[in-house]
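For reference, the structure discussed in these notes is given below.
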Amino acid sequence: MSLLLIAPNRDMNPLKEALLEVDSSLDVELWPKVEKRERVNFAVSWKHPKNGLGDYPNLKAVSSLGAGVNHLLEDKNIPETVKLCRVITTSLQSQMADYVMNAITNYRLHTFLYHDQKKVGEWQVYESIQKQDCTVGIMGLGEMGKTTAQFLAENEYAVNGWSNSKKHINGVTSFSGKDELNDFLSSSNILVCLLPLTEVTEGILDLGTFKTLKTPAYLINVGRGGHLVEEDLIYALDTNTLAGACLDVFEKEPLPANHVFWNRPNIMITPHVASITPAKEAAAIIVENYKRALSGMDLINEVSREKGY
237 MSLLLIAPNR DMNPLKEALL EVDSSLDVEL WPKVEKRERV NFAVSWKHPK
287 NGLGDYPNLK AVSSLGAGVN HLLEDKNIPE TVKLCRVITT SLQSQMADYV
337 MNAITNYRLH TFLYHDQKKV GEWQVYESIQ KQDCTVGIMG LGEMGKTTAQ
387 FLAENEYAVN GWSNSKKHIN GVTSFSGKDE LNDFLSSSNI LVCLLPLTEV
437 TEGILDLGTF KTLKTPAYLI NVGRGGHLVE EDLIYALDTN TLAGACLDVF
487 EKEPLPANHV FWNRPNIMIT PHVASITPAK EAAAIIVENY KRALSGMDLI
537 NEVSREKGY
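In this note's numbering, the protein residues as written are 237 to 545.
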């Protein structure tokens with residue numbers, strides 16, 4: 237029996253070491269050096285190669301290394317009998333909350349404008365946007381969204397939340413379902429996307445959504461690149477429908493060097509770093525799920541293929 241780590245663009249050795257610290261008896265293999273495919277019972281993946289998990293006859297479960305699972309759901313070669321799960325840790329949640337808070341603060345205090353001024357030696361003062369003039373709308377109130385919403389509310393922001401069903405979170409006004417989406421948007425002017433990417437949510441950040449927001453409006457996308465209609469964002473910026481955007485996720489990553497977003501001063505770009513799974517924190521969850529999978533038990537943070545999360 238072995239546990240496979242497969243992430244072509246990441247050094248998985250720290251995770252291997254962390255797993256062995258949790259359980260030194262584990263047989264951990266690093267892709268692509270897999271001695272015997274039939275021995276692999278559990279895999280941990282981050283954006284594995286296309287069809288990269290279809291040839292392991294005794295595979296029982298696959299875990300995403302992070303909160304996102306689209307790379308697993310899109311691999312049709314993973315048998316339906318193989319369970320899917322993801323890693324969500326306390327650190328991931330707090331990192332996301334910190335990232336969103338930082339993005340909002342930089343927008344409110346015009347940090348990006350002052351950064352650009354420094355390059356040309358310009359001295360110009362901009363009036364800061366006050367907290368009382370900001371209502372943050374969180375799209376998606378799962379584990380990441382809930383923590384972020386609570387953190388912002390504790391820091392005296394007015395916070396709206398939108399999800400499939402009503403949520404009860406202190407300091408957060410809850411909206412739910414398609415019927416309440418417009419009310420949620422029209423009462424928010426800083427929009428944060430933390431939704432899972434599904435058939436329903438794909439392309440949800442479009443011109444119609446941007447036009448419904450209170451103005452001046454600002455976008456923070458830390459969900460998935462597929463949530464955003466890129467040409468609609470450009471149009472919204474050109475027409476002042478949006479004052480700016482902070483993007484951490486993109487349809488294609490790394491973002492191509494010739495992409496139009498690079499030349500837009502009112503778009504902040506970060507390379508998918510809003511929350512990164514710490515190896516030691518992830519290891520305990522992965523080992524627990526590995527043992528559960530071998531025993532046929534339900535997994536921690538198990539993913540529903542039907543729901544997409």
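For every residue, glycine included, the Cβ atom is placed at its ideal position computed from N, Cα and C.
{"Check": "Does DSSP put I440 in a helix, in a strand, or in coil?", "Outcome": "coil"}
{"Check": "Given a threshold of 16 other Cβ atoms within 10 Å of its Cβ, counted over all protein chains shown, does V267 qualify as buried or as exposed?", "Outcome": "Checking the sequence shown, residue 267 turns out to be Trp, not Val. Buried: at least 16 other Cβ atoms inside 10 Å."}
{"Check": "Taking a contact to mean a Cβ-Cβ separation below 8 Å, would you say K367 touches E390 in this structure?", "Outcome": "no"}
{"Check": "Opposite F278 in the DSSP bridges: which residues?", "Outcome": "L239 and A297"}
{"Check": "Apart from the five residues on each side of it in sequence, which residues of its chain come closer than 7 Å, Cβ to Cβ, to L345?", "Outcome": "S364"}
{"Check": "Can you tell me whether DSSP reads L478 as helix, strand or coil?", "Outcome": "coil"}
{"Check": "Please determine, among K296, A479 and L301, the residue with the shortest C-alpha to C-alpha distance to V276.", "Outcome": "K296"}
{"Check": "Check whether the segment 406-413 and the segment 279-286 are in contact - that is, three or more C-beta pairs closer than 8 Å.", "Outcome": "no"}
{"Check": "Evaluate T341 with the Cβ neighbour count: other Cβ atoms within 10 Å of its Cβ, from every protein chain shown; 16 or more gives buried, anything less gives exposed.", "Outcome": "exposed"}
{"Check": "If distances are taken between C-alpha atoms only, which option among L449, T409, G304 and G480 comes closest to Q548?", "Outcome": "Because the chain in this structure spans residues 237 to 545, residue 548 falls outside the shown range and cannot be described."}
{"Check": "Is the beta carbon of I324 closer than 8 Å to that of E379?", "Outcome": "yes"}
{"Check": "Would you say L546 and A519 are within 8 Å of each other, going by their C-beta atoms?", "Outcome": "Because the chain in this structure spans residues 237 to 545, residue 546 falls outside the shown range and cannot be described."}
{"Check": "From the DSSP output, read off the bridge partner residues of Y454.", "Outcome": "I426 and G480"}
{"Check": "Within its chain, find whatever has a CB closer than 6 Å to the CB of G480; leave out the 5 residues flanking it on each side and keep chain order.", "Outcome": "Y454 and N502"}
{"Check": "Taking only the alpha-carbon atoms, compute the straight-line gap between K269 and D263 and give it to the nearest angstrom.", "Outcome": "13 Å"}
{"Check": "List in chain order: all unbroken alpha helix (DSSP H) runs of 4+ residues lying wholly within the segment 239-275.", "Outcome": "249-258"}
{"Check": "To test your reading of the DSSP string, which unbroken beta strand (DSSP E) runs of 3 or more residues are found completely within the segment 378-429?", "Outcome": "394-399, 408-412 and 426-429"}
{"Check": "Which residues bound the beta strand (DSSP E) around V372?", "Outcome": "T371 to M375"}
{"Check": "Name the two residues that bound the continuous alpha helix (DSSP H) containing L320.", "Outcome": "Here L320 belongs to no alpha helix (DSSP H); instead the beta strand (DSSP E) covers K319 to C321."}
{"Check": "Where does E542 sit, in a helix, a strand or coil, going by DSSP?", "Outcome": "coil"}
{"Check": "Around the Cβ of W282, are there at least 16 other Cβ atoms within 10 angstroms (buried) or fewer (exposed)?", "Outcome": "buried"}
{"Check": "So E487 and G461 are supposed to be a Cβ contact under 8 Å. How far apart are they, rounded?", "Outcome": "4 Å"}
{"Check": "Quick check on the burial criterion: 16 or more other C-beta atoms within 10 angstroms. Buried or exposed for S260?", "Outcome": "exposed"}
{"Check": "Counting only runs of 4+ residues fully inside the segment 315-354, write out the alpha helix (DSSP H) ranges in chain order.", "Outcome": "326-345"}
{"Check": "Give me, in chain order, the residues of the same chain whose beta-carbon lies closer than 6 Å to that of Q331; leave out the 5 immediate sequence neighbours on both sides.", "Outcome": "S511"}
{"Check": "Would you call the CB atoms of L427 and I440 closer than 8 Å?", "Outcome": "no"}
{"Check": "Closest by CA to F446, which one among N418, E438 and T437?", "Outcome": "N418"}
{"Check": "Is I536 helix, strand or coil when you go by DSSP?", "Outcome": "coil"}
{"Check": "With 16 other CB atoms within 10 Å as the buried threshold, where does Y362 fall?", "Outcome": "exposed"}
{"Check": "Looking at C-alpha atoms only, which residue of S531, K543 and N525 is the closest neighbour of N537?", "Outcome": "N525"}
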